[in-house]
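Enquirer: Going by the numbering used here, the sequence shown opens with residue 5, and the numbers climb by one from there.
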Amino acid sequence: MLVLLLAAVGCGGDEYPLAPVSGTVTLDGAPVADARVGFEPVRQGESLEAGPGSYGKTDQEGRFSLKSLHGDQGAVVGPHMVRITTFQTKGSGPAGIEVVAEERIPARYVDGSTLRFTVPADGTDEADFELTSN
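1) Sort THR128, GLY78, VAL86, TYR113 by Cα distance to SER137 and report the nearest one.
2) Strictly by DSSP, which residues pair up with ILE109?
3) Would you say PHE68 and VAL123 are within 9 angstroms of each other, going by their C-beta atoms?
4) Given a threshold of 16 other Cβ atoms within 10 Å of its Cβ, counted over all protein chains shown, does ASP126 qualify as buried or as exposed?
5) Measuring only the C-alpha atoms, how far is VAL36 from ASP115?
6) Is GLU134 helix, strand or coil by DSSP?
7) Quick one: what's ARG120 bridged to in DSSP?
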């Protein structure tokens with residue numbers, strides 16, 4: 005679901021400057037493992053496109069690094085809406101879809117996310133998200 009959403013954000017990658025982005029995700033102070041972190045560029049000014057989205061997956065310590073949808077390291081420079089989810093499914097077709105990981109992240113960080121992050125031109129290793137259950 006997140007990948008499809010990010011794919012709709014923008015096409016083409018060469019005209020959008022990228023910068024390396026990494027950070028951590030915690031929930032109530034504990035690292036969140038196996039979460040997907042999606043950065044969706046926000047349109048600025050009169051631009052019709054904001055550029056390709058970027059994504060990453062957290063490790064056991066909650067750390068992640070982003071790659072653009074085109075496979076390049078980093079994210080488009082500028083403001084982003086950020087979505088974080090742990091929900092996973094597998095399968096499709098007649099056999100149906102099997103849920104393999106339940107959502108552990110509060111909805112306000114997933115759908116209609118309130119999280120924002122501005123990627124600086126020189127990149128950052130401090131894209132840290134300290135989420136709370138309340």
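Each residue gets a CB set at the ideal place from its N, CA and C atoms; glycine is no exception. Since the structure is predicted, the reported quantities are computational estimates derived from the model, not experimental observations.
Expert: According to the structure shown:
1) Your numbering for residue 137 matches position 133 in the sequence shown. Ranking THR128, GLY78, VAL86, TYR113 by Cα distance to SER137 puts TYR113 first.
2) What you label residue 109 is simply residue 105 of the sequence shown in a count that begins at 1. Bridge partners of ILE109: none, in fact.
3) Within the sequence shown, numbered from 1, the residue matching residue 68 stands at position 64. Within the sequence shown, numbered from 1, the residue matching residue 123 stands at position 119. Their beta carbons are not under 9 angstroms apart, which means PHE68 does not touch VAL123 by this criterion.
4) In the sequence shown, the residue the question calls residue 126 occupies position 122. The residue is exposed, with fewer than 16 neighbouring Cβ atoms inside 10 Å.
5) What you label residue 36 is simply residue 32 of the sequence shown in a count that begins at 1. What you label residue 115 is simply residue 111 of the sequence shown in a count that begins at 1. Approximately 18 angstroms between the Cα atoms of the pair.
6) On the sequence shown, position 130 is the one that residue 134 refers to. Looking at GLU134 - three-state DSSP - the assignment turns out to be strand.
7) For the purposes of this step, residue 120 is taken as the residue at position 116 of the sequence shown. Beta-bridge pairing links ARG120 to MET85.
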